[in-house]
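Residue numbers (my numbering), protein chains in the order written: chain A, 485 to 659; chain B, 485 to 659.
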DNA sequence: CTTGGAAAGTCAACAACACTGACATAAAAC
DNA sequence: GTTTTATGTCAGTGTTGTTGACTTTCCAAG
């Protein structure tokens, strides 16, 4: 699917660091690929969410609460990178609809520890299944070396603080 | 950056097709990487757009008009995947602000051919420069094989009609 | 024990950007 | 000459983000 003219030239600098020479055209294609792929990436969950009257923001909250059960609102805020008012609106509906449970913190009673209820877990599963299925399909088509490369470039594309969050989640640390 | 337990097992099926065995955990990490990376991907343009009072929708329009000068509204609609009302709002402000020029079609006078003005080209350049710089940096860090894999997985992740658009743009066909 | 500040929640207002539905105009196609 | 297509517009609605102001709760340092 990637044409010959797209193969990047690689040279070795005197310092030993490998240099890539990339044309604007190659970079633009990467940008467009990212745009189109992200649409595909969110398409399936979006359809499901629509069915229940929720949006992407609800999905994100469900996802990260599922990943880090008992996480606090503040932690969620810094991961999602939105204002507390914005998150609160979403969280409130999820709590009202009994998809998320908010328990007063044991150590610090100001904090709220967030958990998915049975229903919440069910919806998160439905969303996650769809998205993982698409991911699995893409990974299968592309092959294992491509997947390795995919992950490497994505990590390099993150902002440093997002990388910090990502690394934490990878290591299973949800503090 | 990618830990040992993440390396995917690969087996050869009797048919000769390579099979990948992926855990939910591995796929979830991919999903999160995609989420965080897309934020990084749009962060720089978002800052610039904010400076001029525009949004992501304006950026997308500028990008694809720049890629396919003379493209029609209908073509833009199918690439962007939004309603004409939504696109029209954005396009109207860009034309009012003299970043985009809308010429009546020569072959078919119902159509409008869209072009960037001098100012439009300048803003598109500013946005594109920032985004390409981040892309270039990520590519450099990751190396050429990773870039190949990145693009392959992204293409596999698109919906089929998005793939069609993407392939067209790659080939320089903007019909 | 008091006070400062952090964590959480709320209210109001606003903007960007998507949607639907209805309607208008011009031009091509049949 | 009727229908279809391409475009544009108006009005209304919903999600998701923002800012700013304010309250309550509660830990912790003075």
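All C-beta atoms, glycine included, are put in the ideal place defined by N, C-alpha and C.
Since this is a predicted model, take the numbers as computed values, not measurements.
Check                                                                                                                                                                                 : Outcome
Hey, how far is the Cα of residue 550 of chain B from the Cα of residue 618 of chain A?                                                                                               : 31 Å
Pairs of beta-carbons, one from the region 609-624 of chain A and one from the region 523-532 of chain A, closer than 8 Å: are there three or more?                                   : yes
Just the Cα atoms here: how many angstroms apart are residue 602 of chain A and residue 584 of chain A?                                                                               : 9 Å
Residue 552 of chain B: which of B:582, B:600, B:514 and B:637 sits nearest, CA to CA?                                                                                                : B:600
Span of the beta strand (DSSP E) holding residue 588 of chain A?                                                                                                                      : 584-588
If we cut at 7 Å on Cβ distances, does residue 538 of chain B have a partner in chain A?                                                                                              : no
Under 7 Å between C-beta atoms, does residue 552 of chain A make it to chain B?                                                                                                       : no
Among residues of its own chain, excluding the 5 on either side of residue 649 of chain B, which ones have a beta-carbon nearer than 8 Å to its beta-carbon?                          : 562 and 563
Measure the CB-CB distance between residue 513 of chain A and residue 593 of chain B and report whether it falls below 7 Å.                                                           : no
To the nearest angstrom, report how far apart residue 539 of chain B and residue 555 of chain A are at their CA atoms.                                                                : 32 Å
At a CB-CB cut-off below 9 Å, which residues of chain A make contact with residue 515 of chain B?                                                                                     : 525, 547, 612, 615, 616 and 619
Identify which residue in A:522, A:624 and A:517 has its Cα closest to the Cα of residue 516 of chain B.                                                                              : A:522
What does a CB cutoff of less than 8 Å around residue 543 of chain A pick up in its chain, not counting 5 residues either side in sequence?                                           : 529, 533 and 611
Pull up the DSSP beta-bridge partners for residue 519 of chain B, would you.                                                                                                          : Answer is none; residue 519 of chain B lacks a bridge partner.
Would residue 499 of chain A count as contacting chain B if we go by Cβ distances under 7 Å?                                                                                          : A caution first: residue 499 of chain A carries a pLDDT of 47, below 50, which makes its placement in the model unreliable, though a value can still be read off. Chain B contact via Cβ: absent.
Tell me the DSSP bridge mates of residue 600 of chain B?                                                                                                                              : B:584
Check for me: the alpha helix (DSSP H) holding residue 646 of chain B runs from which residue to which?                                                                               : 644-654
Mind checking the region 621-641 of chain A against chain B and listing, in chain order, the residues whose C-beta falls within less than 8 Å of any C-beta there?                    : 621, 622, 623, 624, 625, 626, 627, 628, 629, 630, 631, 632, 633, 634, 635, 636, 637, 638, 639, 640 and 641
Which residues, in chain order, does the region 589-603 of chain A contribute to contact with chain B at a C-beta distance below 9 Å?                                                 : none
Would you check if the region 620-632 of chain B and the region 627-634 of chain A touch, i.e. whether three or more CB-CB distances between them fall below 8 Å?                     : yes
Count the other CB atoms within 10 Å of the CB of residue 545 of chain B; is the residue buried (16 or more) or exposed (fewer)?                                                      : buried
Since residue 641 of chain A and residue 525 of chain B should fall inside the 8 Å C-beta cutoff, what is the C-beta to C-beta distance between them, to a whole number of angstroms? : 6 Å
Listing by chain order, which chain B residues have their CB less than 8 Å from the CB of residue 649 of chain A?                                                                     : 520
Of the choices B:580, B:643, B:537 and B:620, whose alpha-carbon is the least far from that of residue 509 of chain A?                                                                : B:620
Would you kindly report the start and end of the unbroken alpha helix (DSSP H) that includes residue 540 of chain A?                                                                  : 540-551
Using alpha carbons as the reference points, say which of A:605, A:547, A:588 and A:565 lies closest to residue 511 of chain B.                                                       : A:547
Using the Cβ count rule (16 or more neighbours within 10 Å means buried), how would you classify residue 616 of chain B?                                                              : buried
Mind listing the chain B neighbours of residue 662 of chain A? Cutoff is C-beta to C-beta under 7 Å, in chain order.                                                                  : What is shown of chain A runs 485 to 659, which leaves residue 662 of chain A out entirely.
In angstroms with no decimal places, state the Cα-to-Cα distance between residue 557 of chain A and residue 574 of chain A.                                                           : 12 Å
By the 10 Å Cβ neighbour count, where 16 or more other Cβ atoms means buried, how is residue 608 of chain B classified, buried or exposed?                                            : buried
Compare the C-beta of residue 489 of chain A against all C-beta atoms of chain B and say whether one is closer than 7 Å.                                                              : Any answer about residue 489 of chain A is weak, because its pLDDT of 49 lies below 50 and its placement is not dependable; what the coordinates show is given next. So no, residue 489 of chain A is outside the interface.
I want to verify the contact list: residues of chain A whose CB lies under 9 Å from the CB of residue 643 of chain B, in sequence order.                                              : 520, 523, 524 and 527
From the DSSP output, read off the bridge partner residues of residue 555 of chain B.                                                                                                 : B:598
Cα separation between residue 577 of chain B and residue 582 of chain A?                                                                                                              : 43 Å
Skipping 5 residues on each side, what residues in its chain have a beta carbon closer than 6 Å to that of residue 587 of chain A?                                                    : 597
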